[in-house]
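Visitor: Supplied in C-alpha cells, the structure appears directly below.
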Amino acid sequence: MRNKLIISFSALFFILLFTSSTPIHSSKIYAQSSILKTIVIDPGHGLPDPGAQGAYSNESDIALAIALQLGKKIQEALPMCKVVYTRTDRNLPNGLTDKNAANRYRAKLANDVHGDLYISIHANDYETGRKKVIDGYHTEKYYSWSGKGSKRKKVWHTRKVADYHYEKLPGTINGTETYIWAMNKNDDKVKFANDSKSEFAGNDDSSYQYDSPEAKILANLRVQKYFDNSKSIAEFVQEEMGKIGRVNLGVKQRDWEGIWVLQATAMPSILVETGFICTPSEEAYLNSVAGQNEMANSILNAIIRYKAKLENINNSTLINTINGK
Ligand SMILES: [Zn+2]
C-alpha cells in the first residue's frame with residue numbers, strides 16, 4: 516500500500532512537472548503531510564456550552580484540563596513543535612457564545628495557523644435512562660362533596676404530596692475511543708484542504724471550483740494522506756490508552772454534528788473521547804490529577820510515535836524519489 520502510494524506520488528510529481536505550465540507546489544505535498552510542526556489542541560465545548568454533564572463536573576472543564584496538560588507535555592518533550600490551543604479558559608473560543616460559530620472559529624484558526632495535526636479532546640456520555648428522586652413532601656388541600664340536596668357541602672382534607680425530580684442513572688460503560696471523520700465526508704475535506712480556502716469552513720457548497728485540474732488532484736491526494744495519517748495517530752492513541760489499562764473502545768468513523776470540525780480542518784485530525792463522564796468511576800478518574808496526567812501522557816506518546824512514523828515515510832519517499840523509484 517505504501518509502495519503504491521509512493522509510486523503514485525512520484526508519478527504525479529513527474530506528470531505535473533512536465534505537463535503543467537502553472538507552478539505546482541509538489542514539494543508541498545511531502546512537506547505538509549510529513550512534518551509535524553504545528554499541533555492544534557482543541558479542548559471541546561466551553562461555557563456556555565458545558566458539553567456532557569456528570570454528577571458534579573462537566574465535559575468542557577475536563578477537556579480543558581487534559582488539553583492544557585497535553586500542551587505542556589508536548590512543549591517539554593517536542594520543543595521543535597509549536598502548540599496552538601483553540602481555547603485556554605472555561606469559555607467558548609474567542610469570546611463566542613454560539614457553539615456552531617465556535618466550531619467554525621476552531622477550524623478556521625487551525626487552518627490559519629497551518630496546523631499539521633488537530634487533536635480535539637472530549638469526554639463521553641450516553642443515554643443511561645432516568646430515575647425518579649424524591650426531594651421531600653408537602654401537604655396539599657383538596658375537597659370532596661358529602662350530603663345530598665340542600666345538605667350537600669364541601670369537606671376539606673389534606674394529603675401528603677411528594678416533590679421529585681428525575682435524575683440520569685449512573686452509567687456503567689468505561690473506556691476511551693478515538694474518532695476520525697467518516698470516509699464519505701472526504702469530499703468536504705478536499706474543499707477545506709484546498710489552500711487558503713478556510714473561509715469555506717461551514718459552507719456546504721458542492722460546486723466548489725478548483726484553480727486547475729492539478730489542484731483538484733493534489734487536494735484529493737492530500738486528503739487521502741490526511742485520512743491515512745488520522746487513522747494512524749488514532750490507532751496509536753488507542754494503543755497507548757490500552758497500555759495504561761484503559762478499556763480500548765477502538766478507532767471509529769462517524770458523521771455527526773460534533774465531529775464537523777474534523778472535516779473542516781485541512782490537516783490530519785482526531786477527536787479523543789477520553790472517558791465516560793456519566794459513569795461514576797470514570798468521572799472520578801477524569802477529574803483526578805493522576806487521570807488527567809495519564810490521558811495527556813498517552814496522547815503525547817501517540818504523537819511521538821506518529822511523528823517518528825511520518826519522518827520514516829518522509830525519508831523513504833525522498834530516497835525513492837532521488838533513486839527514481
Ligand atoms: Zn463533546
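The opening position of the sequence shown corresponds to residue 516 in the working numbering, with each subsequent residue numbered one higher.
Where a beta carbon is used, it is the ideal one built from N, C-alpha and C, also for glycine.
1. Please classify MET782: is it buried, with 16 or more other beta-carbons within 10 angstroms of its beta-carbon, or exposed?
2. One question on the structure: do VAL776 and ALA817 come within less than 8 Å of each other, judged by their Cβ atoms?
3. So what does DSSP say about ASP627, is it helix, strand or coil?
4. Starting from the C-beta of MET810, find all residues in its chain whose C-beta is less than 7 Å away, skip the five residues before and the five after it, and write them out in chain order.
5. Measure the alpha-carbon distance for GLY559 versus ILE695 and round it to whole angstroms.
6. Less than 8 Å between the C-beta atoms of SER661 and HIS672, yes or no?
7. Rounding to the nearest angstrom, what Cα-Cα distance links THR654 and LYS647 in this structure?
8. Spatial neighbours of SER635 within its chain, please: CB distance less than 6 Å, with the 5 preceding and 5 following residues excluded, ordered by chain position.
9. Do ASN763 and GLY690 have their C-beta atoms within less than 8 Å of each other?
10. Quick one: Cα of THR643 to Cα of GLU574, how far?
11. Report buried or exposed for GLY765, applying the criterion of at least 16 other Cβ atoms within 10 angstroms of its Cβ.
12. Terminal residues of the continuous beta strand (DSSP E) containing ASN735?
13. So for LYS656, helix, strand or coil by DSSP?
14. When DSSP labels each residue in this structure, what does ASP576 get in the three-state scheme?
15. Write down every uninterrupted run of the beta strand (DSSP E) in the region 590-620 whose length is 3 residues or greater and which is fully enclosed by it, in chain order.
16. Consider the C-beta atom of GLU574 and the heavy atoms of ligand 1; say whether any pair is separated by less than 7 Å.
17. What are the residues that DSSP puts in a beta bridge with THR687?
18. Do you know how far the Cα of GLY586 is from the Cα of CYS596?
19. For LEU551 versus LEU825, is the C-beta distance shorter than 8 Å?
20. Closer than 7 Å: is that where the CB of ALA582 sits relative to any heavy atom of ligand 1?
21. Using three-state DSSP, classify TYR571 as helix, strand or coil.
22. Shorter than 7 Å, the distance from the beta carbon of ASN622 to the closest heavy atom of ligand 1, or not?
23. Output needed for LYS822: all residues of its chain with C-beta closer than 6 Å, excluding positions within five of it in sequence on either side, in chain order.
24. For the putative contact between LEU611 and TYR620, defined by C-beta atoms under 8 Å, what is the C-beta separation to the nearest angstrom?
25. Return yes when at least one heavy atom of ligand 1 lies under 7 Å from the C-beta of GLY790, else no.
26. Quick check: the Cα distance between ILE828 and ARG820, rounded to an integer number of angstroms?
Guide: Working from what's here:
1. buried
2. no
3. helix
4. ILE581, THR789
5. 15 Å
6. no
7. 19 Å
8. ASP557, GLY559, LEU786
9. yes
10. Distance between THR643 and GLU574, taken at the CA atoms: about 17 Å.
11. exposed
12. From DSSP, ASN735 is part of no beta strand (DSSP E) but of the alpha helix (DSSP H) over 728-758.
13. strand
14. helix
15. 597-600
16. yes
17. The partner list for THR687 (beta bridge, DSSP) is empty, contrary to what the question assumes.
18. 10 Å
19. yes
20. no
21. coil
22. Checking the sequence, you will find Ala at residue 622 rather than Asn. For ligand 1, not one heavy atom lies less than 7 Å from the Cβ of ALA622.
23. LEU551
24. The C-beta distance from LEU611 to TYR620 rounds to 6 Å, short enough to meet the 8 Å contact threshold.
25. no
26. 12 Å
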